[in-house]
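Here is the structure we will look at, set down as structure tokens.
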Amino acid sequence: MSTMNRERLHPVIDHRLARIAKSLPQAPPWYEPWLGLGPQSTEQERLLVCQAIRNSGTLPADAGYFLVSRILQNMAIDAVSQLADGLQTMNQREWCRTTDRILAKMMDKANELEMAQLFRADPLEHARRVEAGRRFFFGEDEEESPTDSGWLKGFVRMISSSLMTDETTRKLGVRYQEEHGYWRITVYPLPDKAARETIESSAVPPGFAWDIGNLQSVFDCIEGLGWYAVPAELTESPYVWIDGEFQGHEVFLRLLPGEPDQVERGEKCEVG
């Protein structure tokens, strides 16, 4: 394989970088280190090259941001895959949360302090910059379209029949987010106003139960199901989770005992 045909970062990214370097009056300082990358290069070596590309100013700021973030994301995913998980607690949601925590630490270690600060303080802006940089190289997804959540009301209506509680709890609180066709949905009992005031003045939470068998019947197929009771943050409640498919939608359903204290990154809130 010739030096020019060798994959370094990604075929599409490499092609764009080669065109940019060729368009300049002289080779940029990152060109030779980039040419030296190959299949045997480590992620750390790729990170140093991407930082050099970003720092050179030959790309739009978001494109350089994307290159560095992409390598750090790959390194975080590799680190998570090597974690011991003897209790098999790493469901899809916890895997994502663990990856985010490790990614932030890797940003610190790589001295990407501004990126780390943005990732922690404003993850939506971080995601916007990464997406803008991705589009610089890959363009917009042809199948990209506004998210259709119309099916969600029917899904919530069906699972609400599995909630067993007293008459003070007539609705479900719903929070959801969609990423690349995968839906993460959180539901929790939502007492009426009078009952909520009573609950807030009492140390005793309301009683309720879920009919798990009935919940399972809602899904077309189920990939996994469990009770997660080892949250990384002490402020988060344990939860029941189901990972499966409903009417062609990939769904990770989380059942909480009450309303979460915080809205997670990218979540939308509804009442079912």
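Under my numbering, the first residue of the sequence shown carries the number 97, and numbering increases by one thereafter.
Positions of the beta carbon are idealized from the N, C-alpha and C atoms, including for glycine.
State the Cα-Cα distance for the pair residue i and residue j, rounded to the nearest angstrom.
i: A157; j: G229; result: 8 Å
i: R142; j: V176; result: 19 Å
i: R115; j: D174; result: 30 Å
i: L183; j: L199; result: Low local confidence applies: a pLDDT of 45 at L183 is under 50, so the model's placement there is unreliable, with the coordinate-based value given in what follows. Roughly 23 Å separates the two Cα atoms.
i: P124; j: R150; result: 11 Å
i: G322; j: V336; result: 6 Å
i: V164; j: P135; result: 18 Å
i: L220; j: H276; result: 16 Å
i: R280; j: V314; result: 16 Å
i: P287; j: G250; result: 21 Å
i: I318; j: V252; result: 17 Å
i: P356; j: W306; result: 18 Å
i: E126; j: M203; result: It is Trp, not Glu, that sits at residue 126 in the sequence shown. Computed Cα separation, rounded: 21 Å.
i: D70; j: W130; result: Within the shown structure, residues of the chain are numbered from 97 to 368, placing residue 70 beyond reach of any answer.
i: M97; j: I308; result: Unreliable positioning characterises M97 in this predicted model, as indicated by a pLDDT of 37, which lies under 50. The coordinate reading is nonetheless provided below. Taking the straight line joining both Cα atoms gives about 56 Å.
i: I167; j: M260; result: 47 Å
i: S152; j: L214; result: 21 Å
i: A217; j: Q169; result: 18 Å
In chain order, what residues of the same chain have a beta carbon less than 6 Å from the beta carbon of residue i, not counting five sequence neighbours either side?
i: Y278; result: E346
i: S333; result: L352, P353
i: E363; result: R271, Q273
So for residue i, helix, strand or coil by DSSP?
i: W92; result: Limits of the chain in this structure are 97 at one end and 368 at the other, which puts residue 92 out of reach.
i: W337; result: strand
i: G229; result: helix
i: Q136; result: coil
i: G269; result: strand
i: L351; result: strand
i: T154; result: coil
i: R115; result: helix
i: L168; result: helix
Over the uninterrupted beta strand (DSSP E) stretch that includes residue i, give me the two end residues.
i: R280; result: 278-287
i: F215; result: Counting along the chain, F215 falls outside any beta strand (DSSP E), though it belongs to the alpha helix (DSSP H) covering 209-217.
i: G322; result: 317-324
i: E103; result: Premise fails: E103 is in no beta strand (DSSP E) and is neither H nor E.
Is it true that the CB of residue j sits closer than 8 Å to the CB of residue i?
i: L268; j: S258; result: no
i: W191; j: Q343; result: no
i: F233; j: A117; result: no
i: L144; j: L105; result: no
i: V226; j: F162; result: yes
i: T154; j: L209; result: no
i: T138; j: A172; result: no
Might you give, ordered along the chain, the residues of its own chain that have their beta carbon closer than 7 Å to the beta carbon of residue i, omitting 5 neighbours on each side?
i: L311; result: I255, S258, I338
i: A148; result: P125, W126, P129
CB-CB under 8 Å to residue i, same chain, minus the five flanking residues each way: which ones, in chain order?
i: R350; result: R189, R280, I281, T282, V283, Y335, V336, W337
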